[in-house]
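Beneath this line is the structure, given in structure tokens, with notes to follow.
Next up, the structure:
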């Protein structure tokens with residue numbers, strides 16, 4: 001844990017020393033620090049504390065497609081499959097083509113792997129939505 005705290009302190013200094021914005025504004029929206037924080041929570045925290053950090057990242061609107069995928073995979077690893085699918089759905093609403101492509105591919109693969117031939121209508125709707133949203137005009 002000492003290494004993690006030392007790295008966090010170093011990262012704070014690096015972020016704080018760049019640019020002319022107030023330090024609080026830079027640190028509050030630093031994706032690097034939030035990513036480090038969520039990694040620590042995944043390793044050392046609880047399910048609820050980790051979910052809270054991911055939700056804060058989404059609320060701050062600093063999430064990336066990879067963070068969406070990581071959050072959904074984290075939920076799947078803990079058995080929250082429907083919650084994970086809701087996160088994928090939030091991700092594809094936040095990001096558009098081409099940034100949503102990785103989210104869609106992961107979402108569709110996980111959905112088909114999880115449900116196979118049992119939820120064909122929902123799978124069809126998802127694939128149609130993905131094609132519509134990812135089609136190039």
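In full-length UniProt numbering, the protein residues as written are 1 to 137. By construction, the Cβ of each residue, glycine as well, lies at the ideal position given by its N, Cα and C atoms.
What's the call for residue i, buried or exposed, on a 16-neighbour Cβ count within 10 Å?
{"i": "residue 82", "result": "exposed"}
{"i": "residue 107", "result": "buried"}
{"i": "residue 60", "result": "exposed"}
{"i": "residue 70", "result": "buried"}
Ignore the nearest five residues each way along the sequence and tell me which others in residue i's own chain have a CB closer than 6 Å to its CB.
{"i": "residue 65", "result": "95, 99, 102 and 103"}
{"i": "residue 76", "result": "84"}
{"i": "residue 31", "result": "62"}
{"i": "residue 97", "result": "134"}
Mapping the DSSP letters down to three states, classify residue i as helix, strand or coil.
{"i": "residue 98", "result": "coil"}
{"i": "residue 117", "result": "coil"}
For residue i, decide whether its Cβ has a neighbour in chain B, counting only Cβ atoms nearer than 9 Å.
{"i": "residue 97", "result": "Given the protein chain composition of this structure (a single chain), no chain B is represented."}
Kindly list the residues whose CB is nearer than 7 Å to the CB of residue i, restricted to its own chain and excluding five residues on each side of it in sequence; keep chain order.
{"i": "residue 130", "result": "104 and 108"}
{"i": "residue 34", "result": "57 and 62"}
{"i": "residue 49", "result": "41"}
{"i": "residue 87", "result": "68, 71, 72 and 75"}
{"i": "residue 37", "result": "53"}
{"i": "residue 117", "result": "none"}
Within the same chain, show all residues whose beta-carbon is closer than 8 Å to that of residue i, passing over the 5 residues directly before and after it, in chain order.
{"i": "residue 126", "result": "107, 108 and 111"}
{"i": "residue 114", "result": "81"}
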